[in-house]
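Going down the list, the sequences are from chains A and B. Last residue of the first sequence: 398 (the working numbering), numbering continuous. Last residue of the second sequence: 207 (the working numbering), numbering continuous. The structure appears below as structure tokens.
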Amino acid sequence: MIQHILKLIWNRKASNALIIAEVAIAFIVVFSLLALAIRNFNLYQVPLGYDYKDRWRVQASIPGEWDAERDLVTINQLRAALSNLPQVNNVHLLRNPTFKDWAWTSSYDLGDQTISYMGNHIDDGAAENFGMKLLAGRWFGPQDAAQNYTAVLVSNLFVERYFPEQDIIGKNIASDEGEQQLNHRVVGVFEQFRQLGEFSPMIPYTIFRYDLNSKESRHMAGIEIKVNAGTSIQFEEVLMKQLTSIAPNWEFSIRPWEDSRRSQTRGALLPLIVLSIIGGFLILMVAMGLFGVLWQNVTSRTQEIGLRRAIGATANQIQRQVMLELLIVNAIGIICASVLLVQLPLLGVFSELNWSLFAISMLLASVFMLVLSAACAYYPGIVATSLAPAQALHYE
Amino acid sequence: MLKLTKISKTFQTDKIETIALQDIDLHIKQGEFVSVMGPSGCGKSTLLNIMGLLDEPSDGDIKVNSQAIESYKDKHITHLRNEKIGFIFQSFHLIPDLKVIDNVELPLLYRNVPAKERKRLAIEALEKVGLKPRTGHYPTQLSGGQQQRVAIARAIVGKPELLLADEPTGNLDSRMGDEIMKLLESLHKNDNATIVMVTHDEEMAKRTERTIRVFDGQLVH
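In structure tokens form, the structure reads like this:
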């Protein structure tokens, strides 16, 4: 029977081409939506690498040019004042905030590879208190002060991507090009620090030690405080008073990390929800189109079905044949689309579309399309075989 | 071979009830060549469909080889049609996307005959109708007469006990019609085939052993 069906499919290639094209296009749409959804789901599952509960960011707006000598005095005063508040557990500095689309990314050549990373600055003790996980080496400490190197922490992904199977602790990872010979010494490896939140792609991360006593220290306007559990939002007013009393010329905004996380998640999910709705409608249209094409295909063969019934095929056999035939045609459509889609990971068009994401999306999209086409083929098949052979033979 | 007793057939739509056949008693003996004649719409084709188990009578009994058709369950009836009855239609009903040999093999396909054996039997049937050299052609590459001969080969390939022909020469010119009639006569004479043929043509009917006349759904004696 399979041979007979394959023969029929081949001999009807012109009329099957329409179904194959429709299925191939639908498959690409379904694949894209699934790949996007799975990618985001996978990213959401990966831990952030830090604790955001009860942590508030104080963002300072410092008037005029940054003057380390002058402004760091104020920053130190602010830190000390905030630390003394009974509601505050600890106070640290973090240059680029979490859960904001505000990041420092850079790349440089080292040896025969280009190192791309996202970076940040923190002070001593911040990593521990942020709840980050140390995998190797140590955190920053006073021993890193006034040295001929800048202490750096790197993420595990950074090591896996650029220094696999190497002991990176103590290594200088600064660019070896140019006249200025920098010394960025790795003192520790942490699990990860997903600064941009749960839906951000996995990027190698580096954290530089921020020296509160160095005149060379860069602009720093982010103070992170850990408040005691259960501290109400009214504490914000107390904080603000304290801050403005120390630095009356500076402007401050205070926001819990949880708030920032919520609004960033909303921002990340909104386009996904819109895309899903559009995708849902697309799939619905595809399903209706497919149903129409398959209906037309089966209806135009009512006389043939009548003949087959007359010469010895049962209604079940016909139903099975119609389903099998259409499933094979659909499978050909899926194969055609797959040949196009496999070019994406092969050519590296989307860096995040790795082989495992590709494989799982292909598998789910194939199952979805086959179930959809079986559902679309089922009813026309039932209708066609419900006619008595004598009626079907004379169907116009 | 085939016995119809008090067969009636009524077609029912929402408002109208149409009596197509009424109290038909008919006995077709083994090896007979019978023609069924009557004006258009008199119920000839309905009668043939009921004889071929393609349609269910509203009332009455059918016996095939003295065995009553008690149930019209799809599987049972389909099996009977496949084993015992061969059909020849006015409009041939060949599948245009299948080659001549594949069209002829169709009844055997549903009998689960192995591919090699199907091919051998199909070639044998095509040889009988004089179309062995056309096995690899598609139906559209053949003339009307040749297409009907393919349909006859398909009808006889499973060696059925009864051949039912619904105006087999109706779509053909007189020369081709004559060719088909000769072929049916030869199947009857040489293979002792039992044939029931619906026709409009008095001359064709005269060439059969017995003619049954139908008028307004009833047999005319």
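Where is the CB? At the ideal position from N, CA and C, for every residue including glycine.
Query: Contact list for the region 383 to 398 of chain A against chain B, Cβ threshold 7 Å; Result: ALA390, PRO391, ALA392, LEU395
Query: Extent of the continuous alpha helix (DSSP H) run through ASN91 (chain A); Result: Here ASN91 (chain A) belongs to no alpha helix (DSSP H); instead the beta strand (DSSP E) covers 90 to 95.
Query: Listed by chain order, chain B residues near GLN298 (chain A) by CB distance under 8 Å; Result: Per Cβ cutoff of 8 Å: no residues; GLN298 (chain A) is ~16 Å from chain B at best.
Query: Listed by chain order, chain A residues near PRO93 (chain B) by CB distance under 7 Å; Result: ILE313, GLY314
Query: CB contact check: ASN51 (chain B) to chain A, cutoff 9 Å; Result: no
Query: Alpha-carbon spacing of GLY51 (chain A) relative to GLY139 (chain A), whole angstroms; Result: 17 Å
Query: Cβ contact check for the region 12 to 26 of chain B and the region 194 to 203 of chain B: 3 or more pairs under 8 Å; Result: yes
Query: Through-space distance from ILE124 (chain A) to PHE142 (chain A), alpha-carbon basis; Result: 9 Å
Query: Local conformation of TRP58 (chain A) per DSSP, three classes; Result: strand
Query: PHE73 (chain B): contacting residues in chain A (beta-carbon distance under 8 Å); Result: ALA312, ILE313
Query: Inter-stretch contact (C-beta, 8 Å, three-pair minimum) for the region -1 to 9 of chain B and the region 60 to 69 of chain B; Result: no
Query: Same chain, Cβ closer than 7 Å to ARG41 (chain A), neighbours up to 5 away in sequence not counted; Result: GLU354, LEU359
Query: Whole-angstrom C-beta distance between VAL25 (chain A) and LEU292 (chain A), which should lie under 8 Å; Result: 7 Å
Query: Spatial distance of VAL90 (chain A) from GLY127 (chain A) (CA atoms); Result: 15 Å
Query: Through-space distance from ALA28 (chain A) to VAL288 (chain A), alpha-carbon basis; Result: 6 Å
Query: Chain-ordered neighbours of GLU306 (chain A) on chain B, where CB pairs are closer than 7 Å; Result: ILE81
Query: Limits of the unbroken beta strand (DSSP E) element including GLU226 (chain A); Result: 224 to 229
Query: At least 3 beta-carbon pairs within less than 8 Å: the region 338 to 350 of chain A vs the region 121 to 132 of chain B; Result: no
Query: For ALA390 (chain A), the three-state DSSP class (helix, strand or coil); Result: coil
Query: Selection of the region 29 to 41 of chain B by Cβ proximity to chain A, strictly under 7 Å; Result: ASN35, LEU40, ASP41
Query: Residues near TYR164 (chain A) in its chain [Cβ-Cβ closer than 6 Å; skip 5 each side]; Result: ILE117
Query: C-alpha distance - HIS6 (chain A) paired with ASN158 (chain A), whole-angstrom precision; Result: 57 Å
Query: Alpha carbon of PRO250 (chain A) to alpha carbon of SER202 (chain A), nearest angstrom; Result: 36 Å
Query: Ranges of the beta strand (DSSP E) found wholly within the region 245 to 302 of chain A, counting only runs of at least 3; Result: 253 to 258
Query: Proximity below 9 Å, CB of GLU153 (chain B) to CB of THR185 (chain B); Result: yes
Query: Buried versus exposed call for ASP73 (chain A) [16 or more other C-beta atoms within 10 Å across all chains shown]; Result: buried
Query: Where the beta strand (DSSP E) through TRP12 (chain A) begins and ends; Result: Unbroken run through TRP12 (chain A) is the alpha helix (DSSP H), 4 to 13; no beta strand (DSSP E).
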